[in-house]
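Engineer: With UniProt numbering as the guide, the letters of the sequence shown map in order to residues 1 to 216.
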Amino acid sequence: MFCGIFGHKPTPNWISIEGHKPSANDKDWSTFFSIGSMVRYATDLPLLLTVISQSDEARITFNKKVNLSDMKYFYMDNCGPIPDSITTDVQNAIYKLMRHLEVISGVRVEKVNFEDMERSFEISSIILLSIKDIYSIFNRWDNPKKSKSLFMEILRYISFMSSHTFPAIFFGLLKNIVENFPVSIYNEMIELRTRLRKQFEVECLQWVIKLLEPLA
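1) Could you tell me which of M71, F74 and P46 sits nearest to K64, measuring between CA atoms?
2) Between G36 and the rest of its own chain, which residues show a CB-CB distance below 7 angstroms, the 5 nearest in sequence each way excluded?
3) In this structure, does DSSP put H164 in helix, strand or coil?
4) By Cβ distance, which residues of its chain are closer than 6 angstroms to H164, with the 5 residues on each side in sequence left out?
5) Among residues of its own chain, excluding the 5 on either side of K132, which ones have a beta-carbon nearer than 8 angstroms to its beta-carbon?
6) What are the start and end residues of the beta strand (DSSP E) that includes residue 217?
7) Using 9 angstroms as the threshold, is the C-beta distance between I94 and M189 below it?
8) Using a Cβ-Cβ cut-off of 6 angstroms (strictly less than) and excluding sequence neighbours within five positions of N13, which residues of its own chain qualify?
9) Would you grab the beta carbon distance between R119 and L174 for me? Rounded to a whole angstrom, and I think it's under 8 angstroms.
10) Strictly by DSSP, which residues pair up with K111?
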């Protein structure tokens with residue numbers, strides 16, 4: 001939105017994820033993972049999403065007219081210690097968009113502070129890393145004998161002998177750590193997520209800053 005590219009991540013199961021790699025055998029995988037789209041012009045989003053959607057409900061919703069004045073708008077400029085604070089340039093872009101909406105639709109954009117959002121990074125990380133049976137270099141379904149040992153691959157990496165990238169290895173390390181957490185921690189994250197969802201049940205649009213710095 002702030003760099004001339006428009007994107008949209010649709011509701012899970014509206015667009016098929018069949019054949020995407022990586023994948024997982026977890027029964028809830030499709031509710032966590034969804035394929036989005038990026039376009040140069042916002043008007044192209046409904047067309048693209050309609051073409052690749054897999055249900056009539058999705059096609060109808062993608063082409064549904066939305067009255068901006070019927071929605072409520074909220075924004076947050078701080079979600080806690082992680083991630084870092086956003087830059088002034090990004091803040092100014094948000095404020096410019098707020099003023100634009102207020103002028104063209106007469107809506108009021110409210111600043112909010114959901115305390116549970118301060119733990120959003122923790123919630124998403126632990127829940128996502130708890131997904132079972134994700135395909136990776138450490139979990140090769142196609143050929144289990146080719147699955148790597150996490151310990152040995154870390155040794156190879158620090159010795160500059162690994163053929164795999166740092167993110168792939170780091171993912172394996174983090175997943176191994178999270179899988180050894182007590183169940184009570186996972187249940188706490190689920191409870192926090194449920195509480196946040198209830199706060200967002202109203203039809204609204206909220207800006208949570210993902211881009212901390214302007215693109216170069």
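For glycine and all other residues, C-beta sits at the position ideal for the given N, C-alpha and C.
Structural biologist: In this structure, then:
1) P46
2) In chain order, G7, H8, K9 and P10 place their CB closer than 7 angstroms to the CB of G36, counting only its own chain and leaving out the 5 sequence neighbours on each side.
3) coil
4) I137
5) Taken in chain order, the residues that qualify are A24, N25 and D26.
6) Given a span of 1 to 216 for the chain in the structure shown, any question on residue 217 remains unanswerable.
7) In this structure, M189 does not lie closer than 9 angstroms to I94 by Cβ.
8) Non-local C-beta neighbours of N13 in its own chain, meaning closer than 6 angstroms and more than five positions away in sequence, comprise S30, ordered along the chain.
9) 17 angstroms between Cβ atoms; not a contact.
10) Y75
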